[in-house]
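K.L.:
Residue numbers (the working numbering): -5 to 280.
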């Protein structure tokens, strides 16, 4: 570790924490340093070899333009910590950025903005009737979930996916969520082909229903380990969504509307039950 000093210049302080050395010119702005610091300065006799050790009661003098950065970074860290505590269990695991959910939202949004019903995207990505799929079914069982019929269709799916999927991915990690979502999309496509083989299928509703069912299982399995506020809010949101889905099914059945493939929804729910049992339970350390 190297500490440099120039007595012809302004006095300075060198912050040394572990193996890092940061040097600032002396200004009139101060911030509190709560950890142990080692600083070297010029004393009254211009002796630069004086090293002082202070703990918790010293200030690091820094330039003015650093203050805004420290305030912004501190505020961001505080907000992220509070949000993570809200969705976390008592013995929380590592929390990270919801990479998988974000990638689904961005990808489906880009395809929606650049596609229409007669576009090349629909011709190569949507799930065709059973008699027309042939070998392309190998990728269509996944890619159909990236397409949506209109903006409203996309927004409704994305809102549900964001509200329910983001906390789950932050807690369980992207590997678990991506596995459960992908299996749900495939099972939803297969259920549609079995029940309604004459019609095409697009939309990520099967994946959303999979995440919804996984969230219900998560509530039952890890109820005691969850934050009290989060589990109550989660329970209320999930209950409202389930009742709205049941009402939507009943309304479409009464008016003989066949625009929604509820067989794919059911396929996603069933897949979530089996995959959730396999990968859901968190090992809680004592």
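The beta carbon of each residue, even a glycine, is placed where N, CA and C say it ideally should be.
Which whole-angstrom value describes the C-beta separation of residue 274 and residue 212, a residue pair presumed to lie in contact below a C-beta threshold of 8 Å?
P.N.:
In the chain shown, residue 274 corresponds to position 280, counting from 1. In the chain shown, residue 212 corresponds to position 218, counting from 1. Their Cβ separation, rounded to whole angstroms, is 6 Å, which keeps residue 274 and residue 212 in contact under 8 Å.
K.L.:
Which residue from 207, 159, 190 and 106 puts its Cα closest to that of residue 144?
P.N.:
Counting from 1 along the chain shown, the entry for residue 144 is found at position 150. The residue with the shortest Cα to Cα distance from residue 144 is 106.
K.L.:
Is residue 121 helix, strand or coil when you go by DSSP?
P.N.:
Position 127 of the chain shown holds residue 121. Residue state, collapsed to three classes: strand.
K.L.:
Using the Cα positions of residue 268 and residue 116, report the straight-line distance between them to the nearest angstrom.
P.N.:
For the purposes of this step, residue 268 is taken as residue 274 along the chain shown, with counting starting at 1. For the purposes of this step, residue 116 is taken as residue 122 along the chain shown, with counting starting at 1. About 31 Å.
K.L.:
Grab the span of the alpha helix (DSSP H) containing residue 181 for me, first residue to last.
P.N.:
Your numbering for residue 181 matches position 187 in the chain shown. Here the alpha helix (DSSP H) through residue 181 covers 168 to 189.
K.L.:
Pull the bridge partners of residue 195 from the DSSP assignment, please.
P.N.:
Residue mapping note: residue 195 aligns to position 201 of the chain shown, counting from 1. The partner list for residue 195 (beta bridge, DSSP) reads 121.
K.L.:
Considering only residues of the same chain and omitting the five flanking positions on each side of residue 142, which have a CB-CB separation below 6 Å?
P.N.:
Your numbering for residue 142 matches position 148 in the chain shown. Excluding residues within five positions, the ones whose Cβ falls inside 6 Å are 106, 148 and 197.
K.L.:
Taking DSSP as the reference, what is the three-state secondary structure of residue 116?
P.N.:
The sequence position of residue 116 within the chain shown is 122, counting from 1. Of the three classes helix, strand and coil, the one that applies to residue 116 here is helix, per DSSP.
K.L.:
Do residue 205 and residue 162 have their C-beta atoms within less than 8 Å of each other?
P.N.:
As a first step, residue 205 is located in the chain shown; it is residue number 211 there, counting from the start. As a first step, residue 162 is located in the chain shown; it is residue number 168 there, counting from the start. Contact flag set, yes.
K.L.:
Does the separation of the CB atoms of residue 96 and residue 182 fall below 8 Å?
P.N.:
By one-based count along the chain shown, residue 96 stands at place 102. By one-based count along the chain shown, residue 182 stands at place 188. For residue 96 and residue 182, no; Cβs fall outside 8 Å.
K.L.:
So, residue 171 versus residue 266, is the Cβ gap smaller than 8 Å?
P.N.:
Taking the chain shown and counting its residues from 1, the one referred to as residue 171 is at position 177. Taking the chain shown and counting its residues from 1, the one referred to as residue 266 is at position 272. Against a cut-off of 8 Å, the Cβ pair of residue 266 and residue 171 comes out as no contact.
K.L.:
Between the alpha carbons of residue 264 and residue 184, how many angstroms are there, rounded?
P.N.:
Counted from its first residue, the chain shown places residue 264 at position 270. Counted from its first residue, the chain shown places residue 184 at position 190. Looking at the two C-alpha atoms, the distance is approximately 12 Å.
K.L.:
Which residue marks the beginning of the alpha helix (DSSP H) containing residue 257, and which one marks its end?
P.N.:
Counted from its first residue, the chain shown places residue 257 at position 263. Start and end: 256 to 273.
K.L.:
Tell me which residues share the same chain as residue 188 and place their Cβ nearer than 8 Å to its Cβ, disregarding the 5 neighbours each side in the sequence.
P.N.:
Walking along the chain shown from the start, residue 188 turns up at place 194. Excluding positions up to five away in sequence, the list reads 257.
K.L.:
With a threshold of 8 Å between beta-carbons, can residue 173 be considered close to chain C, or not?
P.N.:
No chain C appears in the structure shown, which is made up of a single protein chain.
K.L.:
Closer than 7 Å by C-beta to residue 218: which residues in its own chain qualify, once you throw out the five before and the five after it? Chain order, please.
P.N.:
The count along the chain shown starts at 1 and reaches residue 218 at position 224. Nothing listed; no residue qualifies.
K.L.:
State buried or exposed for residue 245, treating a residue as buried only when at least 16 other CB atoms are found within 10 Å of its CB.
P.N.:
On the chain shown, position 251 is the one that residue 245 refers to. Under this definition residue 245 is an exposed residue.
K.L.:
Mapping the DSSP letters down to three states, classify residue 245 as helix, strand or coil.
P.N.:
Looking up residue 245 in the chain shown gives position 251. It is helical.
K.L.:
Are the CB atoms of residue 134 and residue 121 nearer to each other than 8 Å?
P.N.:
Residue 134 sits at position 140 when you count from the first residue of the chain shown. Residue 121 sits at position 127 when you count from the first residue of the chain shown. Taking 8 Å as the Cβ cut-off, residue 134 and residue 121 qualify as a contacting pair.
K.L.:
Take residue 156 as the anchor and find which of 177, 118, 102 and 222 has the nearest alpha-carbon.
P.N.:
By one-based count along the chain shown, residue 156 stands at place 162. Comparing Cα positions, the closest option is 102.
K.L.:
Assign residue 249 to one of two classes, buried (16 or more other C-beta atoms within 10 Å of its C-beta) or exposed (fewer than that).
P.N.:
On the chain shown, residue 249 is found 255 positions in, with the first residue counted as 1. Answer is exposed; the Cβ neighbour count stays below 16.
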